[in-house]
């Protein structure tokens, strides 16, 4: 089964808590604090691989959690780090945020890795809070909670050439002739229910005298595919990565006109994605071994050339014209690669002349906002949320330190300006506190 989109939940490991411990040894009467730090929680990564073809592994298991870090122990010993989780996905997988739909990563190269949920920091042990005036601190930090989020995953097949057209136009037959792929072939529509890939070799690529490229056979399209009619809408995403389209037209269909078929499919491509309509196309009239197709060829060729395309006539089943078609496809791909390289070089020159480069301005860690939502004051900010979440609320010294930090960061003043009163609930991330005097 070809499973090409899903939604999963990932949760990184929490950091381990810091330790509150004091040396108690025979000849160390003033041993002092020696509580160790907690270990960092495990993170969650995605890794692209060629060994997978679909996202079927994520159909039945959709929640993934990394190991939390171990708490610190005596003698300033750190807790063990949580084990990372590496989720493998097929090359061509696009990962988006489940809530905002923002693009996180496009996994196109084998071995490419991206972190999608960072493990929490380990909390500090009480050894870090010792000073000349506080030589026996009974204070430590809790581990930072690991990041968690919903993710959308979408697989787009990586291919150089995409075969598009009406059902039963001969796309699968052509793929089986020009490559070693063996898609299902039958004399009825919608035989192809999932994309098939094949590698085409022109010449002798292995000896350096030739060229090879990947061709994707997309399930047949019908009118209304852009609105979800038929199977094509489910797989139109897979031709977005292709650089060239081979538009297969059935020349033997009695109830349909080849030119109308050609225009109808292009209309669906435009409605689904305007860029697809601008993609270079090679228009191929198939089934030239049938007399009716031969009669339609002159008129069809004239219309196609008048529209600015190049027309080709083949019979995939009889292996007529397929070698010439692949040679032309190879030539087109070489021309497209050269044009892309020239555009990229010209863009670099323009950028250098303008003397401009992208400037990334990340939000400062200490930035925060205060909003009142349904009677609760909500404070959002990376640093303040982390500081509150890592404070040990059972420690009086820890709560005193947190209040001092809130004053220094300006959170206390901002809350007072927002109208907070004694007894009101204030939320920092997942932690809720009652505001006191």
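In this note's numbering, the protein residues as written are 19 to 455.
Ideal placement from N, C-alpha and C gives every residue a C-beta, glycine not left out.
Given the structure is predicted, the values throughout are model-derived calculations rather than measurements.
Cβ neighbours of residue 388 in the same chain (closer than 7 Å, five flanking residues each side left out): Beyond the five residues adjoining it in sequence on each side, residue 388 comes within less than 7 Å, by CB distance, of 395, 397, 432, 433 and 436 in the same chain, given in chain order.
Sequence-distant residues of the same chain with beta carbon closer than 7 Å to residue 41, five excluded per side: Closer than 7 Å at the Cβ level, and outside the excluded window around residue 41, lie 49, 50 and 52.
Residue 179 vs residue 103 beta-carbon contact at 7 Å: No, these two residues do not count as a Cβ contact at 7 Å.
Cβ contact (3+ pairs, closer than 8 Å) linking the segment 138-145 and the segment 110-124: Cβ pair count under 8 Å is below three, so no.
Touch test, the segment 52-61 against the segment 23-36, Cβ-Cβ under 8 Å, three pairs minimum: The segment 23-36 and the segment 52-61 touch, with three or more beta-carbon pairs separated by less than 8 Å.
Residue environment, residue 352, which counts as buried when at least 16 other CB atoms sit within 10 Å: It counts as exposed.
Cβ neighbour criterion (16 or more within 10 Å) applied to residue 77: By the Cβ neighbour-count rule, residue 77 is exposed, with fewer than 16 other Cβ atoms within 10 Å of its own.
Same chain, Cβ closer than 8 Å to residue 339, neighbours up to 5 away in sequence not counted: The beta carbon of residue 339 lies closer than 8 Å to those of 306, 330, 331, 332 and 333 in the same chain, with the five residues before and after it left out.
Secondary structure of residue 388, DSSP reduced to three states: Here residue 388 sits in strand by DSSP.
Beta-carbon separation (whole angstroms), residue 237 vs residue 175, contact threshold 8 Å: Contact doesn't hold; Cβ gap of about 12 Å is too wide.
Uninterrupted alpha helix (DSSP H) stretches inside the segment 283-345 (no shorter than 4 residues): Those alpha helix (DSSP H) runs which fall completely within the segment 283-345 and span 4+ residues are 292-295 and 309-324.
Opening and closing residue of the alpha helix (DSSP H) in which residue 193 lies: Its alpha helix (DSSP H) spans residues 189-196.
Alpha-carbon to alpha-carbon, residue 347 and residue 269: Across the structure, residue 269 and residue 347 are spaced so that their CA atoms are roughly 21 Å apart.
Continuous alpha helix (DSSP H) stretch holding residue 441: start and end: Counting along the chain, residue 441 falls outside any alpha helix (DSSP H), and DSSP gives it neither H nor E.
Residues that DSSP places opposite residue 409 in a beta bridge: According to DSSP, residue 409 bridges with 159.
Neighbour-count burial assignment, residue 44, 16 or more Cβ in a 10 Å radius: Looking at its Cβ environment, which holds fewer than 16 other Cβ atoms inside 10 Å, residue 44 is exposed.
Between the CA atoms of residue 430 and residue 62 - distance to the nearest angstrom: C-alpha separation (whole angstroms): 35 Å.
Backbone CA spacing between residue 410 and residue 257 [nearest angstrom]: Their Cα atoms are separated by approximately 53 Å.
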